[in-house]
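For reference, the structure is listed below as structure tokens.
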Amino acid sequence: MLAYTVKRLFTLIPTLLAASILVFLFVHLIPGDPAAILLGDTATPEEIAQLSAEMGFDRPLWIQYFLWLGNVLQGDLGISIFFREPVLAVIGSGAETSILLASMTMFWIILIGLPIGVLSATKHGTWVDQITSSGAMLAASMPTFWLGLYLIMIFSVTLGWFPSSGFPSLSDDGGITNLRYLILPSLTLAAPNAALIVRLVRASMLDVAREDHVRTARAKGLHPARVTIKHVFRNALIAVAAAFGFTFAALISEAVVTETVFSLPGIGRLVVQSILRRDYPVIQGVILVIVVLYMIINLLVDLAYARLDPRVSLK
Amino acid sequence: MALLEVENLEIAVSTQRNLLPVVQGVSFTVDENETLGIVGESGCGKSLTSLAIMGLLGTSPVRITGGSIHFDGMNLLALSERERRAIMGNRMAMIFQEPMTSLNPVYRIGDQIVENLRQHQNLSHAAARDRSVELLSLVRIPDPSERIDSFPHQMSGGQRQRVMIAMALSCDPKLLIADEPTTALDVTVQKEVLDLMADLQSRMGTAIVLISHDLGVIAETCDKVAVMYRGKIAEAASTADLFAELLHPYTRGLLNSIPVVDRDVEWLEAIPGRVPTLEETLTGCAFQPRCELATELCACEAPQTTQFKPGHSVQCHFAGQDRS
Ligand SMILES: Nc1ncnc2c1ncn2[C@@H]1O[C@H](COP(=O)(O)OP(=O)(O)OP(=O)(O)O)[C@@H](O)[C@H]1O
Ligand SMILES: [Mg+2]
């Protein structure tokens, strides 16, 4: 397993380099002087000249790239035009919200998606399956912003159970109870993805149930519930784990929408606002963070996959 | 009373419109220490019969519609699901045709044997593991204490079938059902696995139902034979009696079709024609369209089972006759 992990880490390097080149070129593809773009409209000619010299904008592109990469590796992602603060600090300020939102979303996806998927598969063909399958279909096809607004209308406006927007930090007044601000957003974000997992678990369990080894398990005289969990569900998880990586990709763009709908001070809303403010250093920084995160998640998914399927790591 | 008594077993596949009979009026008995061979072409109901005995028809669209199965004095079809499960993998065990896919790929083989043992016997994990090593050496897996931690994909087909046998024998079953246990293996391995089963039987006194579509395999390993054709038993006798006098033209066809040297020969071609499908309703004898002895009688009237000689039954209007 360790050797496999190390091997996978090495295969990340070329991908990361390619991604970094794309992110770097982003600023240079926008027409105009990159130093002027990075500093924004209010910059004085002196400031522009100073940054140009610092970043080597008068030197060949590939040298600029390595200068930039060197800075990035030291954690220097530039200065936000809007906040006049280092980009890393700006992103960091949205990190708490986004990480908590992502964790709660994953929690719902697993807590809702897996059991309902198992239920739907074990009861397949019955009315229970009909209801869960159509429910999953509905949830999967609902646009995130619409579901978010709907939940706000019901649970915040009408019932008044949960706050409709914002998120004070856990270190503010209220402490851990501030998590209630994230319940509706995380449910909004979880719904379509949990629905995806329901459908995936159901389909892959029905596939596995037809396999010969399940007949062997039944021939041992095992209780049907044990056959379902230990033999069918366990093997179906292999296909489900493989899909988790894709779920994450969808999650990122849906998180942007959700954070905007619920006015959460997270990285997703930061992206939207930075685009509106033409805060290119921040956009660049966030994209870089997302790319790295995406690769780490996919590595974790692959490792989970190798753990779930003994045939993988040896190939 | 014999260990296993199957009487007038009827099995049908339920479709949207109706029930199609697949197995009709099948009867046989198996005693302790005895091997019954069931032979017949593909699709004639051998597997369904064995799954019905084992209790594995489960959720499939296939149902037992008549007859009885008695095992060890119990009427199996009258037992609750729970009572049935207490027998499966315990006093009655089964091995399957597909060794490559019959083991769960995500668990070590040892754990899969341990699971079977602990389901029926009150053993600690360590004791069950020790017993599994013994079982693996019993089925002649080299280095059993190491191989017990292998995953199925790390073993060959023959080894996997041995593991299946070890698992099936783990609780000392009185009856072992082997549904084409060697069909998927190559010839030399086939022989090893069959020898192993015969050897274990002589040591443990297990009754065996061996299903095959190879009459050669049956002749070598079985005490008695039931020849199945499209859901019915065409001919049944002790192996010696059967080969002394082949009464049913279908049995003769099967025997002629045993390939001698070249295993690649498609042996089914030796009997012209094909098995009628389930959807085709038949008035006369099911073998009649392919039979060289067929007359008008065969086309309109299905033959009843007759005792041609004591212990040798046959379903044919012209049993034992030649074309002449
Ligand atoms: N689950 C099922 N649904 C519908 N038809 C089935 C089902 N299982 C088996 N059958 C049909 O029942 C008939 C008998 O099948 P069975 O598997 O018992 O044949 P077999 O004698 O074991 O053949 P083989 O040598 O190919 O294993 C076949 O025609 C098959 O198509
Ligand atoms: Mg079969």
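Protein chains in written order, with our numbering: chain H, 172 to 486; chain V, 180 to 503.
For every residue, glycine included, the Cβ atom is placed at its ideal position computed from N, Cα and C.
Serine 391 of chain V: CB within 7 angstroms of a non-hydrogen atom of ligand 2: no
For threonine 268 of chain H, the nearest candidate out of H/Ile454, H/Lys401, H/Leu435 and H/Asp473 (CA to CA): H/Leu435
Touching by the beta-carbon criterion (3+ pairs, under 8 angstroms), the region 329-346 of chain H and the region 290-299 of chain H: No contact exists between the region 329-346 of chain H and the region 290-299 of chain H.
Inter-residue Cα distance where the pair is phenylalanine 197 of chain H and leucine 210 of chain H: 15 angstroms
Ranges of the beta strand (DSSP E) found wholly within the region 377-433 of chain V, counting only runs of at least 3: 386-391, 403-408 and 411-417
Inter-residue Cα distance where the pair is serine 304 of chain H and alanine 273 of chain H: Straight-line Cα distance between these residues: approximately 25 angstroms.
Opposing strand residues paired with arginine 482 of chain H [DSSP bridges]: Partner(s): none; arginine 482 of chain H has no beta bridge.
Check: serine 226 of chain V C-beta below 7 angstroms from any heavy atom of ligand 2: yes
Rounded distance between the beta-carbons of phenylalanine 207 of chain V and valine 185 of chain V, thought under 8 angstroms: 5 angstroms
Rounded separation between alanine 272 of chain V and threonine 387 of chain H - CA only: 10 angstroms
For glutamine 486 of chain V, the residue or residues it bridges with in DSSP: Answer is V/Ser492, bridged to glutamine 486 of chain V.
Segment limits, alpha helix (DSSP H) that includes histidine 332 of chain V: Per DSSP, histidine 332 of chain V belongs to no alpha helix (DSSP H) and is neither H nor E.
Within 9 angstroms of chain H by C-beta, residues of the region 282-303 of chain V in sequence order: Leu282, Asn283, Pro284, Val285, Tyr286, Arg287, Gln291, Glu294, Asn295, Gln298 and His299
Contact with chain H by asparagine 269 of chain V, beta-carbon distance below 8 angstroms: With 8 angstroms as the cut-off, asparagine 269 of chain V counts as an interface residue toward chain H.
Min CB distance leucine 235 of chain V to chain H below 8 angstroms: So yes, leucine 235 of chain V belongs to the interface.
contact_flag[the region 446-455 of chain H, the region 274-287 of chain H] where n(CB pairs < 8 angstroms) is 3 or more: Output reads no: the region 274-287 of chain H does not touch the region 446-455 of chain H.
Residue range of the beta strand (DSSP E) that includes glutamine 467 of chain V: Careful: glutamine 467 of chain V lies outside any beta strand (DSSP E) and carries neither H nor E.
C-beta neighbour in chain V for arginine 482 of chain H, strict 8 angstroms: Yes, arginine 482 of chain H lies at the interface with chain V (some Cβ there is under 8 angstroms from its Cβ).
Rounded C-alpha distance that separates leucine 232 of chain H from proline 205 of chain H: About 12 angstroms.
Min CB distance lysine 391 of chain H to chain V below 8 angstroms: yes
8 angstroms Cβ cut-off: residues of chain H touching phenylalanine 330 of chain V: Pro481 and Arg482
Sequence-distant residues of the same chain with beta carbon closer than 6 angstroms to arginine 442 of chain V, five excluded per side: Because arginine 442 of chain V carries a pLDDT of 49, less than 50, the predicted location of this residue cannot be relied on, and the following value inherits that uncertainty. Excluding residues within five positions, none has a Cβ falling inside 6 angstroms.
Contact set between alanine 292 of chain H and chain V, taken where Cβ atoms lie within less than 9 angstroms: Within chain V, no residue has its beta carbon less than 9 angstroms from that of alanine 292 of chain H; the closest one is some 12 angstroms off.
Partner residues on chain V for arginine 405 of chain H, Cβ-Cβ distance less than 9 angstroms: Asn283, Val285 and Tyr286
Span separating the alpha-carbon of leucine 236 of chain V from that of threonine 228 of chain V: 9 angstroms
Ligand 4 heavy atom lying under 7 angstroms from the CB of aspartate 358 of chain V: Ligand 4 is absent from the structure shown, which contains only ligand 1 and ligand 2.
Partners in chain H for phenylalanine 250 of chain V, counting only beta-carbon separations shorter than 7 angstroms: Under the 7 angstroms cutoff, chain H gives no residues; its nearest Cβ is about 14 angstroms from phenylalanine 250 of chain V.
Interface flag, methionine 273 of chain V vs chain H, CB-CB below 8 angstroms: yes
Inter-stretch contact at 8 angstroms, needing at least 3 Cβ pairs: the region 467-478 of chain H / the region 400-417 of chain H: yes
Coil, strand or helix - isoleucine 288 of chain V by DSSP: Residue state, collapsed to three classes: helix.
Proximal residues of chain H, C-beta to C-beta of aspartate 264 of chain V below 8 angstroms: Here residue 264 of chain V turns out to be arginine, not aspartate, going by the sequence shown. Near arginine 264 of chain V (Cβ distances below 8 angstroms), the residues of chain H are Gly392, Leu393 and His394.
Secondary structure of isoleucine 468 of chain H, DSSP reduced to three states: Three-state DSSP puts isoleucine 468 of chain H in a helix.
Residue-chain proximity (glutamate 325 of chain V, chain H), Cβ-Cβ < 8 angstroms: no
Interface partners of glutamate 277 of chain V on chain H, CB under 7 angstroms: Asp383
Spatially closest choice to alanine 362 of chain H from H/His199, H/Val385 and H/Ser312, by CA coordinates: H/Ser312
Exposure label - proline 428 of chain V; buried when at least 16 CB within 10 Å: So proline 428 of chain V ends up on the buried side.
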